[in-house]
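Let me begin by presenting the structure, written as structure tokens, before commenting on it.
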Amino acid sequence: MATITPLPSFYGDYEKEEEPTDWFRQYRLSLPSTFSDQDKIDRFELQCAAGSMAEVWVQNLPSASKATWATFTLAFTARWPPPVHVTLTLAQQKDRIKAITLKEEDIGRMIEKDRGREWGHVKWAKEIERTAQGFGDSRCLLLDVVLEGTPAILRDLLTEQYASWPDFVTDMSRLSSSQLQRAKQRLKTEKKLREDVDRLQAQASGQKKTPTPNPQPATQATTMPWSQYRPAPRYSMIPFQQQPQQQQPQQQQQPQQPQQLPPPGPLLPPPLPPQPQTPQQQGQYNPFSTTAPMARSNLFYGGRGYPQTPSRGRGVFLGDRTRIAAQYSMLPQHPDTEAGRQAYTQQVQDWHGQHGATAMPNTDRPYPLKPGTAPLGSRECFACRMNTAPFHQSTECTNNVLPAQESRWREIVLRLAGRMAGSAFSPPAAVQYAYEGYPTYHDLQGNDYGLQQ
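Numbering (UniProt numbering), first residue to last: 1 to 453.
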């Protein structure tokens with residue numbers, strides 16, 4: 001009787017990577033040809049592990065399934081069906097290829113294998129070959145994915161096309177250690193150079209001075225708000241002149257006391273130089289009369305001027321004109337591109353088709369603006385409608401002249417913007433003045449004119 005080598009025990013639970021179909025095939029190969037069907041079934045029961053799912057299955061198997069080896073095989077296949085082959089998509093195949101990586105330290109280094117030693121990069125190339133051929137790729141269709149994951153040391157030493165995967169492995173095996181060392185040294189030098197450049201750029205950016213705000217001038221610290229401002233008298237007051245009194249001799253011998261200066265008050269604008277006083281006739285005007293003209297030295301003015309408030313009527317800024325003129329931009333101005341110029345040409349054709357070839361624009365029918373020209377109301381040239389540096393006038397313009405309708409429309413908007421900006425005064429605000437000055441007419445008594453005592 002032939003000696004039979006026993007196989008590992010069969011559990012039938014798929015644990016520890018056990019595949020029942022593969023085990024059953026090994027069992028069939030180990031049986032001698034002289035075994036009968038009952039001998040094969042009896043030996044199978046002995047190969048099952050004690051207390052395992054396989055042993056329980058054999059013990060509960062019906063007698064009809066144990067009648068012949070063929071029926072037993074069908075029952076086994078029904079209980080443990082063979083694995084189904086899964087066809088991977090192209091994206092899944094690429095993911096499997098990308099998962100096979102090569103470390104840079106394994107390039108040019110011997111790695112121990114089950115049957116000897118092999119270069120690390122050659123071992124990686126063979127693994128790629130087996131995986132790709134397992135997918136049915138025999139013409140290197142997945143080579144682009146392999147080259148993307150190849151380290152930079154090997155990428156410059158390989159070609160871009162291979163006819164088959166064995167050619168790829170052969171080309172990888174031809175690389176000498178000296179070639180790999182030179183490639184490593186070159187990449188190391190380039191990496192150090194990039195690090196030096198990055199460090200110099202970081203130092204240069206750190207040395208740039210950040211703009212600091214300009215210190216405020218010292219005069220701003222003494223600036224008072226408008227609510228505390230008190231204008232100085234516009235005309236100088238004539239002090240009351242008293243007759244000098246004769247001092248007693250005792251008073252002349254007393255030492256003169258130092259003059260005490262008043263504490264400094266708020267800063268006031270410097271007064272205007274005094275105007276010469278012209279003698280006035282008695283009864284020329286009455287300060288309490290309601291019909292006499294109000295002079296600057298009147299009681300209700302106290303010799304002070306009006307506070308100057310900003311008024312938009314004194315001048316119109318270019319920004320005001322531009323904002324007011326933008327209200328008339330009812331048609332969009334297209335950008336100075338090929339598409340914008342085509343849209344502008346279509347706008348002009350539609351305008352003339354609706355209003356006529358010789359019609360002129362007005363506020364009810366604005367004219368399209370040429371792409372690239374200045375905005376409405378920006379004080380542009382009257383000929384080309386452009387703002388250039390330096391500024392030029394229409395008589396000196398050498399650019400292309402715009403159509404008459406567009407020039408006319410820009411002139412209309414410029415005039416309207418000027419009127420609106422010039423008439424946009426600030427609304428009046430009530431101001432109450434408190435008289436604090438010394439009346440002038442008190443100083444004029446006893447000075448040859450005015451009221452006499």
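Built from N, CA and C at the ideal position, the CB exists for glycine as well.
Give every residue of the same chain whose Cβ lies closer than 7 Å to the Cβ of residue i, excluding the five residues on either side of it in the sequence, and list them in chain order.
i    : result
E17  : none
M53  : Y11, G12 and D13
T21  : W80, P82 and P83
S65  : T71, F72 and A75
A125 : F168, V169 and M172
C397 : C381, A383 and C384
V348 : P368
R408 : M360 and P361
Using a Cβ-Cβ cut-off of 8 Å (strictly less than) and excluding sequence neighbours within five positions of residue i, which residues of its own chain qualify?
i    : result
I97  : I128, T131, A132, L142, V145, V146 and G149
N387 : A374, S378, R379, E380 and C381
Q242 : Residue placement at Q242 is poorly supported in this model, since its pLDDT is 49, which falls under 50; the coordinates are not used for a value here.
I41  : K66, W69 and F72
I111 : R117, E118, W119, G120 and K123
D336 : P371 and G372
Put residue i into one of helix, strand or coil per three-state DSSP.
i    : result
K370 : coil
I153 : helix
R43  : helix
R365 : strand
F35  : coil
F168 : helix
F135 : coil
If you measure from the CB of residue i, is any heavy atom of the ligand SAM nearer than 7 Å?
i    : result
R194 : Looking for the ligand SAM in the displayed structure turns up nothing, as the structure carries no ligands at all.
Name the residue from the options whose alpha carbon lies nearest to the alpha carbon of residue i.
i    : options                   : result
L154 : D167, I107 and I111       : I107
A339 : A163, Q207 and K370       : K370
N362 : C381, R415, Q207 and T398 : R415
Q393 : E380, A404, P403 and T87  : E380
Q26  : Q179, S36, S9 and T358    : S9
S36  : T68, H352 and Q405        : T68
V86  : Q342, P332 and G136       : G136
A6   : A357, A49, A202 and S63   : Correcting the residue identity first, residue 6 is Pro in this sequence and not Ala. Selected option, being the one with the closest Cα: A49.
P332 : D39, G372, H352 and G353  : G372
Q47  : L200, T34, L61 and W23    : W23
Between the C-alpha atoms of residue i and residue j, what's the straight-line distance to the nearest angstrom?
i           : j    : result
K184        : S176 : 13 Å
K103        : A152 : 11 Å
A78         : W57  : 12 Å
E195        : R182 : 20 Å
I100        : Q92  : 13 Å
R28         : S138 : 34 Å
C140        : E160 : 11 Å
T89         : K113 : 32 Å
P366        : T345 : 15 Å
H355        : D364 : 11 Å
K192        : G120 : 26 Å
residue 459 : E105 : Outside the displayed range of the chain (1 to 453) lies residue 459, so it cannot be described from this structure.
G206        : E406 : 53 Å
N399        : L158 : 59 Å
H352        : M360 : 10 Å
D156        : R115 : 31 Å
T403        : T395 : Note that residue 403 is Pro in the sequence shown, not Thr. Each residue's alpha carbon lies about 17 Å from the other.
T34         : N60  : 27 Å
S63         : Q38  : 12 Å
R43         : E15  : 22 Å
Y162        : Q179 : 21 Å
E55         : P166 : 47 Å
A343        : H334 : 7 Å
Would you say residue i lies against chain D (beta-carbon separation less than 8 Å)?
i   : result
E15 : Reference to chain D is not applicable here, since this structure consists of a single protein chain.
For a minimum of 4 consecutive residues, which ranges assigned as the alpha helix (DSSP H) are wholly contained in the region 94-125? none
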